[in-house]
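*Asks:* I'd like to ask some things about the structure below.
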Amino acid sequence: MIATFPPKQTQVCAFTLGEHLFGIDVRYVQEVLRFQECTPIPLTPPLVKGLLNLRGQIVLAIDMRHRLGLPEQPRGSSPISIVVRIADGVLSFLVDEIFDVMSLDSAQFEATPETLSNNEKRFVSGCFKLDDRILIMLDASQIADISADLRSALEGQRLMPELDVLACPSACT
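Quick note on numbering: our numbering labels position 110 of the sequence shown as 1129, and the sequence is numbered without any gaps.
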């Protein structure tokens, strides 16, 4: 795999999920907000927390802990919403805490380790070696691509049990 390096300096919105430190390029970040209640969406996978009303704009909220295979957030704690803008639109990444907005040098950057599985690699664009820990850079567009998860959630779901109607996985494509 050919390593891709960010520009000399990369601005990163760093956040935590448990003890893990992650980051996304600030160019994707529209704003950071305190959590507000989500409206659940039926038949969606658990990583979809629901919909948020962001000053009149309806935004999909993604539970980053679930997306990355981490344990649920402890009861009583409220996530922080990182509102991101990608090519497909605006959505919210729900995280534990904002760590910092950091300016990192490309000399600290390393490509995604080859030892990660393809499933793990699809979300990770690389990592930055900090003084006392590693910051895992995430690909916001890949995190936002939930089409495969929606197909899996819909497969075999009975949309209208009384009529024995099954969801069609091709409806998500």
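Beta carbons: idealized from backbone N, C-alpha and C, even for Gly.
#1: Just checking Tyr1047 against the ligand ADP - is the residue's beta carbon closer than 8 Å to any of the ligand's heavy atoms?
#2: DSSP on Ser1122, reduced to helix/strand/coil?
#3: Run the CB neighbour count on Pro1098, radius 10 Å, all protein chains shown included, and call it buried at 16 or more, exposed below.
#4: Do the segment 1122-1135 and the segment 1090-1097 meet, that is, are 3 or more Cβ pairs less than 8 Å apart?
#5: Going by DSSP, name the residue or residues bridged to His1039.
#6: For the segment 1134-1174, which segments carrying the beta strand (DSSP E) assignment without a break, of at least 3 residues, lie completely within its bounds, in sequence order?
#7: I believe Glu1116 touches Phe1041 by the beta-carbon criterion, under 8 Å. Please report the beta-carbon distance rounded to the nearest angstrom.
#8: Name the two residues that bound the continuous beta strand (DSSP E) containing Arg1046.
#9: Please name the residue or residues paired with Ala1080 in a DSSP beta bridge.
#10: How about Ala1050 and Val1102: are their beta carbons less than 9 Å apart?
*Replies:* Here's the rundown:
#1: Inclusion of the ligand ADP in the displayed structure is not the case, the ligand content being empty and no account of it being possible.
#2: Here residue 1122 corresponds to residue number 103 of the sequence shown, with the count starting at 1. DSSP places Ser1122 in strand when its eight states are reduced to three.
#3: Against the sequence shown, residue 1098 aligns to sequence position 79. Answer is buried; the Cβ neighbour count reaches 16.
#4: no
#5: Locating residue 1039 in the sequence shown gives position 20, counting from the first residue. DSSP lists Leu1036 as partners of His1039.
#6: 1143-1148 and 1153-1157
#7: Mapped onto the sequence shown, residue 1116 falls at position 97. Mapped onto the sequence shown, residue 1041 falls at position 22. Not quite, the Cβ-Cβ distance comes to about 11 Å (not below 8 Å), so this is no contact.
#8: Numbered from its first residue, the sequence shown carries residue 1046 at position 27. Element bounds for Arg1046: n/a, residue is neither H nor E.
#9: For the purposes of this step, residue 1080 is identified with residue 61 of the sequence shown, where counting begins at 1. Answer is Gly1069 and Ser1111.
#10: As a working note, residue 1050 is residue 31 in the sequence shown. As a working note, residue 1102 is residue 83 in the sequence shown. With the sequence shown as reference, residue 1050 is identified as Glu, and Ala is not the correct amino acid for it. Yes, Cβ-Cβ distance for Glu1050 and Val1102 is below 9 Å.
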